[in-house]
Structure formats: C-alpha cells, structure tokens
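Report on one structure; see the data block that follows.
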Amino acid sequence: TQLLEQSPQFLSIQEGENLTVYCNSSSVFSSLQWYRQEPGEGPVLLVTVVTGGEVKKLKRLTFQFGDARKDSSLHITAAQPGDTGLYLCAGQTGTASKLTFGTGTRLQVTL
Amino acid sequence: DAGVIQSPRHEVTEMGQEVTLRCKPISGHDYLFWYRQTMMRGLELLIYFNNNVPIDDSGMPEDRFSAKMPNASFSTLKIQPSEPRDSAVYFCASSPLLVGTGRHYGYTFGSGTRLTVV
Chain Z
1 TQLLEQSPQF LSIQEGENLT VYCNSSSVFS SLQWYRQEPG EGPVLLVTVV TGGEVKKLKR
61 LTFQFGDARK DSSLHITAAQ PGDTGLYLCA GQTGTASKLT FGTGTRLQVT L
Chain G
1 DAGVIQSPRH EVTEMGQEVT LRCKPISGHD YLFWYRQTMM RGLELLIYFN NNVPIDDSGM
61 PEDRFSAKMP NASFSTLKIQ PSEPRDSAVY FCASSPLLVG TGRHYGYTFG SGTRLTVV
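The structure is reproduced here in structure tokens:
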C-alpha cells in the first residue's frame with residue numbers, strides 16, 4: 001500500500017505570510033497532482049507534475065516534484081484568506097488510472 | 001459541461017435503512033470513481049469503473065456496499081443496511097481515458113453527498 005504523508009496536518013497563518021506544505025512517500029510516482037478542497041465541495045485539481053525536479057507556478061503557488069519522484073512540495077507566497085482549504089496531494093503509479101491521495105493539510109488564513 | 005453531478009447533497013437516514021447515492025459523470029469521461037471522506041481516514045477509494053465495467057472494488061468496506069454503472073452517464077452506490085459508521089461524505093469523480101504516455105489528466109469531483117446515519 002502506497003502511503004502519501006502530508007505535513008503539516010493543520011496550519012493557521014495570517015494574511016501575507018508564506019508557507020510550505022510537504023507530501024512524502026517511499027514509493028515512486030509517475031505523476032503527482034495537487035488538489036484544493038473548500039468546505040462543502042469536492043477537491044479541485046490545481047496542478048500535475050510529471051518530471052523529477054519539475055517546478056510549476058500558478059500565480060502565488062509554486063509546486064515542486066522531488067528529483068526521485070517520491071515527494072512534492074507546495075509553497076504559497078503572501079497567503080490570502082481565499083487560500084483557505086484542504087490541500088491534497090495525489091500520486092499516480094505507473095500508468096494506473098487510480099490515484100492515491102495524501103492525508104491532507106488543512107490551511108486557514110486569517111486577516 | 002455541468003461537471004460531475006451527485007444527488008442527493010444531503011441524506012439523513014435511520015440505521016438499517018437502504019441508501020442510494022447517484023452520480024452523473026462528465027460526458028466522454030471513461031473512468032468513474034467512488035470515494036468516501038472522513039476526518040479520521042481521509043479520502044478512501046471504494047470502487048472504480050472503466051467504460052461502465054467495475055475494475056477494482058477492493059475498497060468496498062463489506063457486502064453491505066454495492067455499486068453499479070448501467071450506462072456511461074449514470075452510476076449508483078447503494079448501502080443496505082446502513083449503519084452509523086457509514087456516516088461520511090461520499091464523492092463521485094470522473095476522468096478521461098489515459099492515452100499516449102499514460103499521463104493522468106486528473107479527476108473532476110462532484111460536490112459530494114453528506115450521509116448521516118442515525
């Protein structure tokens with residue numbers, strides 16, 4: 001069973017602060033995705049990374065895939081209240097159609 | 001496209017009753033997934049279908065759970081009889097077929113059904 005551990009589990013910060021969320025596994029993934037889930041809704045795909053060492057930016061969010069494709073990070077610059085939500089990483093093994101989801105990081109950004 | 005549509009949004013039922021959750025995937029998506037989300041266990045895959053055929057049901061908790069996909073535009077997840085420990089948010093998600101390199105295009109989730117069994 002592949003496990004994707006995310007840290008921290010909870011994070012409460014003030015608007016304008018920077019933060020990093022980590023997603024770690026002992027398994028190698030062919031691709032890794034990040035989702036954000038807001039209360040009462042399903043997770044929404046933010047990004048997919050496929051190459052070891054790959055970095056992708058989405059406005060204030062920076063995603064990185066580890067060189068060995070076992071881990072990933074999400075960095076948010078100058079967090080805003082709209083960034084509040086549950087952040088989930090999800091890994092694909094080989095060409096499998098199903099994803100393994102991480103344990104989640106619950107982020108709260110206050111004014 | 002209206003996205004993945006799930007119904008009902010909320011369901012409250014008494015222990016022992018039958019519960020049926022419904023899902024309409026995005027047209028053209030070949031994969032359909034049923035997940036359950038709780039605070040304790042996070043997102044758990046229950047079962048998934050490819051072209052209406054069940055591929056992996058190893059996540060279905062027990063025989064009380066069953067899922068069907070009679071056609072490409074409709075799927076149901078049934079719990080009979082329901083128990084309080086089944087209380088959770090149930091998500092349906094769909095995904096297009098992997099082509100070429102097998103790169104995953106990601107899931108589109110529905111808004112979920114919040115099930116409460118009392």
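Taken in order, these protein sequences are the chains called Z and G. The first sequence lines up with residues 1 to 111 when you count with the numbering used here. The second sequence lines up with residues 1 to 118 when you count with the numbering used here. The beta carbon of each residue, even a glycine, is placed where N, CA and C say it ideally should be.
- One finds Lys98, Leu99, Thr100, Phe101 in chain Z with Cβ atoms closer than 9 Å to the Cβ of leucine 45/G, taken in chain order.
- With a threshold of 9 Å between beta carbons, valine 44/Z makes contact with chain G.
- Proximity of chain Z to glycine 28/G at the Cβ level (cut-off 9 Å) is not reached, the minimal Cβ distance being about 15 Å.
- Between the segment 23-30 of chain Z and the segment 62-73 of chain Z there are three or more C-beta pairs closer than 8 Å, enough to call the two in contact.
- Look at aspartate 83/Z here: in three-state DSSP terms it is helix.
- Using a Cβ-Cβ distance cut-off of 8 Å, the segment 66-78 of chain G and the segment 58-65 of chain Z are not in contact, since fewer than three pairs of beta carbons, one from each stretch, lie closer than that value.
- Judged by DSSP in its simplified three-state form, aspartate 71/Z adopts strand.
- Residue contact with chain G for serine 31/Z: present (Cβ-Cβ distance below 9 Å to some residue of chain G).
- In the three-state reduction of the DSSP assignment, aspartate 57/G falls in the coil class, being assigned neither a helical nor a strand state.
- In the structure shown, arginine 41/G falls within a coil segment according to DSSP collapsed to helix, strand and coil.
- Within the same chain, Cβ atoms closer than 6 Å to the Cβ of phenylalanine 33/G are found at Tyr48, Ala93, the five residues on either side in sequence being excluded.
- Comparing alpha carbon positions, the residue from Lys56/Z, Gln108/Z, Tyr35/Z closest to proline 81/Z is Gln108/Z.
- Secondary structure at arginine 36/G: strand, using DSSP grouped into helix, strand and coil.
- Setting aside the 5 residues that flank it on each side, glycine 110/G is surrounded in the same chain by Gly3, Val4, Ile5, Gln6, Cys23, Phe91, Cys92, Ala93, each with a C-beta closer than 8 Å to its C-beta; the list follows chain order.
- With a threshold of 9 Å between beta carbons, phenylalanine 33/G makes contact with chain Z.
- In terms of Cα proximity to phenylalanine 10/Z, the closest of Gly85/Z, Ala90/Z, Gln92/Z, Glu17/Z is Gly85/Z.
- From the beta-carbon of leucine 88/Z, the residues of chain G found nearer than 9 Å are Gly42, Leu43.
- Residue pairing from DSSP places histidine 10/G in a beta bridge opposite Arg114/G.
- Within its own chain, the residues whose Cβ lies closer than 6 Å to the Cβ of arginine 114/G, once the five positions on either side in sequence are excluded, are His10, Val89, listed in chain order.
- Assigned with DSSP and collapsed to three states, proline 39/Z falls in coil, not helix or strand.
- In this chain, proline 84/G is not harboured by any beta strand (DSSP E), its DSSP state being neither H nor E.
- Taking 9 Å as the CB threshold, isoleucine 5/G stays off the interface with chain Z.
- Taking a contact to require three or more Cβ pairs closer than 8 Å, the segment 98-105 of chain Z and the segment 48-55 of chain Z do not qualify as touching.
- Rounded to the nearest angstrom, the gap between the Cα atoms of threonine 77/Z and threonine 20/G is 43 Å.
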